[in-house]
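The structure appears right after this line, and notes come after that.
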Amino acid sequence: MAHEHDTASSDEVYDFAAIQRKWQPVWEELRPFRSGDPADKRPRKYILDMFPYPSGDLHMGHAEAYALGDVIARYWRQQGFNVMHPIGWDSFGLPAENAAIKRGIDPRGWTYDNIDQQKRSMKLYAASFDWDRELHTSDPEYYKWNQWLFLQMYKKGLAYRKDSWVNWDPVDQTVLANEQVLPDGTSERSGAVVVKKKLTQWYLRITDYADRLLDDLNQLEGRWPSKVLSMQRNWIGRSIGADVEFEIEGRDERVTVFTTRPDTLWGATFMVVAPDSDLAAELAAGSTDAVQERFADYLAEVQKSTEMERQSTDRPKTGIDLGRVAINPVTGERMPVWAADYVLADYGHGAVMAVPAHDQRDLDFARAFDLPIRVVVDVNAPVTGVIPVIGLDENGDPILPDEPDPLDPARTGVALAGEGRLMNSGPLDGLSKANAIKKVVELLEADGRGRAARNYRLRDWLISRQRYWGTPIPIIHGADGTEHPVPEDQLPVLLPDAAGLDLKPKGTSPLGAADAWVNVPNPVDGSPARRDADTMDTFVDSSWYWLRFLNPNDDEKAFDPREAEKWAPVDQYVGGVTHAILHLLYARFITKVLFDLGYLSFTEPFTALLNQGMVQMDGSAMSKSKGNLVRLSDQLEQHGVDAVRLTMAFAGPPEDDIDWADVSPVGSAKFLARAWRVAKDVTSSPDVQWKTGDPALRRVTHRFLADAPGLIEAFKFNVVVARLMELVNATRKAIDSGPGPADAAVREAAEVTAMALNLFAPYTAEDMWARLGYPPSVALAQWRKADSTLLIEETVVAVVQVDGKVRDRLEISPTIAADQLEDLARASAAVQRAVGDRGIVNVVVRAPRIVSISTRG
Numbered sequence: 001m002a003h004e005h006d007t008a009s010s011d012e013v014y015d016f017a018a019i020q021r022k023w024q025p026v027w028e029e030l031r032p033f034r035s036g037d038p039a040d041k042r043p044r045k046y047i048l049d050m051f052p053y054p055s056g057d058l059h060m061g062h063a064e065a066y067a068l069g070d071v072i073a074r075y076w077r078q079q080g081f082n083v084m085h086p087i088g089w090d091s092f093g094l095p096a097e098n099a100a101i102k103r104g105i106d107p108r109g110w111t112y113d114n115i116d117q118q119k120r121s122m123k124l125y126a127a128s129f130d131w132d133r134e135l136h137t138s139d140p141e142y143y144k145w146n147q148w149l150f151l152q153m154y155k156k157g158l159a160y161r162k163d164s165w166v167n168w169d170p171v172d173q174t175v176l177a178n179e180q181v182l183p184d185g186t187s188e189r190s191g192a193v194v195v196k197k198k199l200t201q202w203y204l205r206i207t208d209y210a211d212r213l214l215d216d217l218n219q220l221e222g223r224w225p226s227k228v229l230s231m232q233r234n235w236i237g238r239s240i241g242a243d244v245e246f247e248i249e250g251r252d253e254r255v256t257v258f259t260t261r262p263d264t265l266w267g268a269t270f271m272v273v274a275p276d277s278d279l280a281a282e283l284a285a286g287s288t289d290a291v292q293e294r295f296a297d298y299l300a301e302v303q304k305s306t307e308m309e310r311q312s313t314d315r316p317k318t319g320i321d322l323g324r325v326a327i328n329p330v331t332g333e334r335m336p337v338w339a340a341d342y343v344l345a346d347y348g349h350g351a352v353m354a355v356p357a358h359d360q361r362d363l364d365f366a367r368a369f370d371l372p373i374r375v376v377v378d379v380n381a382p383v384t385g386v387i388p389v390i391g392l393d394e395n396g397d398p399i400l401p402d403e404p405d406p407l408d409p410a411r412t413g414v415a416l417a418g419e420g421r422l423m424n425s426g427p428l429d430g431l432s433k434a435n436a437i438k439k440v441v442e443l444l445e446a447d448g449r450g451r452a453a454r455n456y457r458l459r460d461w462l463i464s465r466q467r468y469w470g471t472p473i474p475i476i477h478g479a480d481g482t483e484h485p486v487p488e489d490q491l492p493v494l495l496p497d498a499a500g501l502d503l504k505p506k507g508t509s510p511l512g513a514a515d516a517w518v519n520v521p522n523p524v525d526g527s528p529a530r531r532d533a534d535t536m537d538t539f540v541d542s543s544w545y546w547l548r549f550l551n552p553n554d555d556e557k558a559f560d561p562r563e564a565e566k567w568a569p570v571d572q573y574v575g576g577v578t579h580a581i582l583h584l585l586y587a588r589f590i591t592k593v594l595f596d597l598g599y600l601s602f603t604e605p606f607t608a609l610l611n612q613g614m615v616q617m618d619g620s621a622m623s624k625s626k627g628n629l630v631r632l633s634d635q636l637e638q639h640g641v642d643a644v645r646l647t648m649a650f651a652g653p654p655e656d657d658i659d660w661a662d663v664s665p666v667g668s669a670k671f672l673a674r675a676w677r678v679a680k681d682v683t684s685s686p687d688v689q690w691k692t693g694d695p696a697l698r699r700v701t702h703r704f705l706a707d708a709p710g711l712i713e714a715f716k717f718n719v720v721v722a723r724l725m726e727l728v729n730a731t732r733k734a735i736d737s738g739p740g741p742a743d744a745a746v747r748e749a750a751e752v753t754a755m756a757l758n759l760f761a762p763y764t765a766e767d768m769w770a771r772l773g774y775p776p777s778v779a780l781a782q783w784r785k786a787d788s789t790l791l792i793e794e795t796v797v798a799v800v801q802v803d804g805k806v807r808d809r810l811e812i813s814p815t816i817a818a819d820q821l822e823d824l825a826r827a828s829a830a831v832q833r834a835v836g837d838r839g840i841v842n843v844v845v846r847a848p849r850i851v852s853i854s855t856r857g
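As numbered in full-length UniProt numbering, residues 1 to 857 make up the sequence shown, in order.
And the structure:
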């Protein structure tokens with residue numbers, strides 16, 4: 001295809017729609033962003049945007065994310081790198097299934113129609129994607145490898161099935177991982193209040209990797225936002241303490257309790273177990289009929305509450321005495337065992353030793369039910385030095401003062417949570433917290449009743465979903481309850497056709513009703529068996545998709561480790577902070593698993609992370625109900641793709657939210673027209689010698705060339721746009737009132753403007769490039785090096801202040817020494833008049849910009 005680079009007529013105007021129509025087919029033919037040529041020897045960069053979910057057309061949030069990610073991808077191409085910038089769709093999941101149910105259609109049709117729409121919009125938006133690497137996670141060619149990955153983890157013991165209380169979404173009728181329950185106890189999917197339900201579910205042992213997931217965050221310091229690192233650390237929630245074993249009268253097996261304060265064991269006066277734990281059910285079953293009845297009623301009430309409500313410190317404490325007795329392992333005291341909702345089944349071992357004097361929730365519970373309270377930490381005692389005591393009795397025990405302790409928790413209702421020295425604790429008396437913990441752990445280990453331990457907030461990843469539109473779990477269940485992995489040569493286990501299936505949520509997977517699909521022979525002996533009817537959490541799909549981009553059409557393997565060595569890990573990941581825990585944590589986990597399996601040579605998937613802010617309107621999130629929804633399609637039609645993209649980059653730092661009411665795509669469009677006219681007005685030829693051009697304009701151009709790379713790499717895109725505007729203004733001034741449009745410096749500035757605009761406004765940049773006489777694509781033009789001789793300022797202006805007021809401005813050399821600048825300032829007539837008869841008491845010189853003189857008044 002021939003490309004004409006005709007000179008515009010003098011009356012031609014900037015028409016963004018015409019420019020878009022002109023260059024879309026050219027790029028479609030050229031495919032300038034392919035990255036798979038094995039003969040390409042340029043250094044590699046892997047730039048990745050979080051792939052979209054196909055729920056309708058692109059929206060304003062997509063517009064920001066893909067504008068910013070594209071700046072980075074285009075920048076590194078101009079720096080001489082072979083950039084892989086792939087795109088795909090996270091196309092399984094509940095929203096598609098729910099939309100299909102509502103419309104009475106197949107989820108496939110709804111999903112792929114939306115993908116087609118988004119793909120058209122993405123191509124219009126001109127993000128520099130390598131379309132050869134496109135993928136959809138709902139394609140069998142993709143989810144086959146989800147199943148393969150599951151089987152590798154199953155073989156390694158990292159995938160397992162168990163009965164447990166799970167988070168249940170009553171609207172979507174499916175389970176949720178802990179990470180999918182919002183802080184207010186609602187589902188991040190449907191918004192419904194999450195309840196607890198006991199089911200047999202599949203889990204991945206992410207807790208086996210808790211320490212590595214936590215410690216390896218240190219590798220990402222300075223490369224990931226500190227907020228994201230903190231959120232992951234808090235979610236993993238490592239606590240250091242001890243596992244303490246308590247005997248329960250009438251029970252052969254001891255109960256293990258994790259505590260961060262084993263030093264306070266002498267203050268433990270009762271035990272509390274989570275009412276929804278297996279332990280509570282067992283202990284209640286071994287008690288009286290009356291206790292069993294009360295426990296069943298209490299458990300039913302607890303299940304109506306969210307975890308957030310149960311953890312609230314303001315909530316009145318409730319519970320029931322299970323009629324069982326535990327034995328304190330260090331004192332031998334008999335302690336009542338209670339079930340109470342402020343203890344959670346998935347924390348530690350689902351049971352806590354209650355030390356009411358030193359834990360506020362335990363204290364509130366003890367006071368509510370008149371349980372013993374014993375102080376074992378003197379928070380008034382110094383951590384170092386000797387504890388002052390009144391005296392000792394005949395047994396050698398401390399004599400306490402006659403006046404009641406003004407800090408007595410039983411009287412004040414305030415737990416003594418501070419540190420101090422141990423008291424009423426036998427061999428620990430007088431020890432500080434750290435020394436007491438060390439001592440008691442030694443005692444417990446010697447007695448076989450405990451050991452040093454760690455606990456985590458992180459729970460294993462629950463991946464079962466009772467819905468149709470997802471990856472089938474590749475396990476076959478024998479009639480005797482045995483589990484049999486589907487042989488790898490039989491993958492993928494394809495989803496059956498949705499026709500004839502009732503997809504409405506009902507608490508069990510619709511796949512269980514697909515008789516011809518679910519009923520299969522046992523792969524071991526051919527006896528009747530059934531496929532697992534659950535599908536996988538879609539976060540499995542997105543945990544490794546960045547690896548599938550390496551060779552998305554490979555039928556023989558999930559990804560090629562040799563390609564991973566060339567391209568991975570991802571150099572720059574761009575996406576929303578909403579995925580700070582869920583997606584990023586799971587991706588890090590799967591990477592470590594694949595490292596352990598020998599498929600990868602690295603342990604972190606994303607070297608650097610950029611989180612963009614939200615696009616809002618009038619100070620709040622956009623929504624139809626609020627009447628503040630801004631449609632991306634309307635903005636593109638009204639202002640053009642380039643104006644919207646430039647506005648996103650110019651609005652402020654990428655991590656900040658953008659209020660569309662406060663920005664100006666109209667202003668962006670005017671600037672683009674101004675830049676385009678600069679290229680249109682250039683009259684010199686491409687072979688003109690730039691060094692013959694106007695030195696002043698060349699200095700502006702080369703200062704931009706020198707500064708822009710550092711600003712881009714620091715994600716200061718808005719500053720680059722501002723500097724680009726200054727360059728265009730200087731060029732326009734040179735055309736209109738300076739050396740004129742034929743000057744070599746004008747052409748040089750126009751070419752640099754086109755190359756830089758490629759980052760933000762690719763259509764306008766391409767059209768400028770063509771008008772300047774070059775073939776497409778400007779996106780492949782290499783960033784020019786700044787001429788260092790043009791970066792030296794001939795003179796700068798130094799401001800001289802006297803007592804805080806500017807008295808003179810001196811035009812000086814930028815390399816002037818501080819003492820020389822001070823001499824010039826003192827010699828200034830204006831300064832001498834300002835000083836007058838007063839003596840100079842201090843001079844501060846910041847060469848070459850400022851001299852500040854202070855006088856004696």
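All C-beta atoms, glycine included, are put in the ideal place defined by N, C-alpha and C.
Who are the Cβ neighbours of residue i in its own chain at under 7 Å, not counting the five residues just before and after it?
i    : result
L462 : V166, V175, A177, Q201, Y203
L151 : P474, P485, E488
I need the boundaries of the alpha helix (DSSP H) containing residue i, first residue and last residue.
i    : result
T647 : 641-650
M60  : 60-78
E811 : That residue, E811, is in no alpha helix (DSSP H); its beta strand (DSSP E) goes 805-812.
D252 : Run containing D252: none; DSSP gives neither H nor E here.
L547 : 545-548
For residue i, count the other beta carbons within 10 Å of its own beta carbon; 16 or more makes it buried, fewer makes it exposed. Which is it?
i           : result
E64         : buried
D662        : exposed
A847        : buried
P653        : exposed
P38         : exposed
A434        : exposed
A521        : Per the sequence shown, the amino acid found at residue 521 is Pro instead of Ala. The residue is exposed, with fewer than 16 neighbouring Cβ atoms inside 10 Å.
A285        : exposed
L68         : buried
residue 865 : With the chain represented from 1 up to 857, any question about residue 865 goes unanswered, as that position is not in the structure.
I816        : buried
Tell me where the beta strand (DSSP E) around residue i begins and ends.
i    : result
R161 : 159-169
L204 : 195-204
Q572 : 572-576
E483 : 483-485
H477 : 475-478
Ignore the nearest five residues each way along the sequence and tell me which others in residue i's own chain have a CB closer than 6 Å to its CB.
i    : result
A608 : R223, Q572
F704 : R723, L727
I850 : V799
T384 : Any answer about T384 is weak, because its pLDDT of 40 lies below 50 and its placement is not dependable; what the coordinates show is given next. So no residue of the chain qualifies.
W23  : Y763, E766
R856 : R838, G839, V841
F595 : T603
R459 : N178, D346
For residue i, which residues from the same chain have a beta carbon less than 8 Å from its beta carbon, with the 5 sequence-adjacent residues on both sides left out?
i    : result
S623 : L629
**OP:** With a floor of 4 residues, list each alpha helix (DSSP H) that falls wholly inside the region 736-781, ordered by position along the chain.
**Re:** Complete alpha helix (DSSP H) runs here, min 4: 744-760, 762-771.
Original post:
If you pair each beta-carbon of the region 732-752 with each one of the region 618-628, do three or more pairs fall below 8 Å?
Top reply: Contact between the region 732-752 and the region 618-628 is absent, because fewer than three Cβ pairs lie under 8 Å.
Subject >> Sufficient close CB pairs (3 or more, under 8 Å) joining the region 316-328 to the region 355-368 >> reply: As far as the Cβ criterion goes, the region 316-328 touches the region 355-368, which means the pair count is three or higher.
**OP:** Would you mind listing the beta strand (DSSP E) stretches within the region 407-472 that are 3+ residues and don't spill past its ends, in chain order?
**Re:** Listed in chain order, they are 450-455.
Original post:
What alpha helix (DSSP H) runs, 4 residues minimum, are completely inside the region 710-737?
Top reply: Counting only runs of 4 or more residues that sit fully inside the region 710-737, the alpha helix (DSSP H) segments are 717-737, in chain order.
**OP:** For the region 100-188, list the alpha helix (DSSP H) runs that are entirely contained and at least 4 residues long, ordered along the chain.
**Re:** Here the runs fully enclosed are 107-125, 140-155.
Original post:
Which ranges does the beta strand (DSSP E) cover as unbroken runs of at least 3 residues, wholly within the region 501-564, from first to last along the chain?
Top reply: The qualifying runs are 519-521, 528-531.
**OP:** Scan the region 653-700 and note each continuous alpha helix (DSSP H) run of 4 residues or more that stays entirely inside, going in chain order.
**Re:** As for any alpha helix (DSSP H) of minimum length 4 sitting wholly inside the region 653-700, the runs are 665-681, ordered along the chain.
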